[in-house]
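Everything below concerns the one structure shown next.
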Amino acid sequence: MHSNLHAFYGPVAPKVVSRPPSVATLVPGLGPGMASDFIRPPSAFPAPGVAMSAPPPTKQKEIVSWNTLSLICSMQVLCSLAIFGLGVGRMIQGAKWAIGVELAYALLVMIAGLSGIYSVRQRSYTAAALAFGLTAFSTIFAIPPFILGLFPAVPWAFSEATPSMWMNQNEPLELDLGLSLIVLIQV
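Just add 360 to the spot in the sequence shown (first one is 1) and you have the working numbering.
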């Protein structure tokens, strides 16, 4: 074997060629005995196992149920139109206690309903809060029109009550009781 080596290089011993230092020795942490010795290189073959799919994204529950708000506000608008119509009808028919309170109440309910419909169309939480606030006020302010609609029924409930104090001779009882019923439905 020694003779074959001299055949290529001649009788002179081959000279060792020096190369530039390796990158692994220049970069800290990549030299021998460092943490890089314990890092396993990625395998070219995928590991057998169960394929894990990402969990489906959870749909967050809405703060405001827009469908319910739309339904309620639409009913408020219809009730306010009915209350307004019954209030005007009571005034035209000459009801004794038709003083216009029901018209102001109908206007408040109409504003609450329209602001709720606006909030549904714009998906505006601020307008929804306004609609909820106005609805709360309209619940409180429903007491006078409800009681005014029940005034003609007082002589029926109490025999000692004077009928002329609570109603006229041609009082529209259907309109009065209808007003109380619609106000009760709206609340």
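Yeah, the Cβ is synthetic: ideal placement off N, Cα and C, and Gly gets one too.
Beta-carbon proximity check, residue i vs residue j, cutoff 8 Å
{"i": "S540", "j": "G509", "result": "yes"}
{"i": "V547", "j": "T499", "result": "yes"}
{"i": "L535", "j": "A455", "result": "yes"}
{"i": "F497", "j": "L468", "result": "yes"}
{"i": "A472", "j": "G447", "result": "no"}
Collapsed DSSP secondary structure at residue i in the structure displayed
{"i": "T418", "result": "coil"}
{"i": "P504", "result": "helix"}
{"i": "P532", "result": "coil"}
{"i": "F511", "result": "helix"}
{"i": "V461", "result": "helix"}
{"i": "I452", "result": "helix"}
{"i": "S484", "result": "coil"}
{"i": "I423", "result": "coil"}
{"i": "F492", "result": "helix"}
{"i": "M435", "result": "helix"}
{"i": "S475", "result": "helix"}
{"i": "F444", "result": "helix"}
{"i": "A466", "result": "helix"}
{"i": "A521", "result": "coil"}
{"i": "S413", "result": "coil"}
{"i": "V543", "result": "helix"}
Cβ neighbours of residue i in the same chain (closer than 6 Å, five flanking residues each side left out)
{"i": "S479", "result": "A487, A488, A491"}
{"i": "F506", "result": "S540, V543"}
{"i": "S434", "result": "none"}
{"i": "I477", "result": "C433"}
{"i": "V424", "result": "A488"}
{"i": "T495", "result": "A472"}
Whole-Å CB distance - residue i paired with residue j, under 8 Å assumed
{"i": "R450", "j": "A458", "result": "4 Å"}
{"i": "Q453", "j": "P532", "result": "4 Å"}
C-beta neighbour in chain C for residue i, strict 8 Å
{"i": "T486", "result": "Absent from the structure is chain C; it holds one protein chain and no more."}
Close-in-space but distant-in-sequence residues of the same chain around residue i (CB under 7 Å, 5 per side omitted)
{"i": "L474", "result": "V437"}
{"i": "W526", "result": "F511, P512, V514, P515"}
{"i": "I545", "result": "C439"}
{"i": "F501", "result": "Y465, L468"}
Cβ neighbours of residue i in the same chain (closer than 8 Å, five flanking residues each side left out)
{"i": "N528", "result": "G454, A455, K456"}
{"i": "S484", "result": "Y478"}
- Query: So does the stretch 418 to 435 actually touch the stretch 455 to 462, counting three or more Cβ pairs closer than 8 Å?
  - Reply: As far as the Cβ criterion goes, the stretch 418 to 435 does not touch the stretch 455 to 462, which means the pair count is below three.
- Query: Within the chosen definition, does the stretch 428 to 438 reach the stretch 512 to 524 through at least 3 CB pairs nearer than 8 Å?
  - Reply: The stretch 428 to 438 vs the stretch 512 to 524: no contact.
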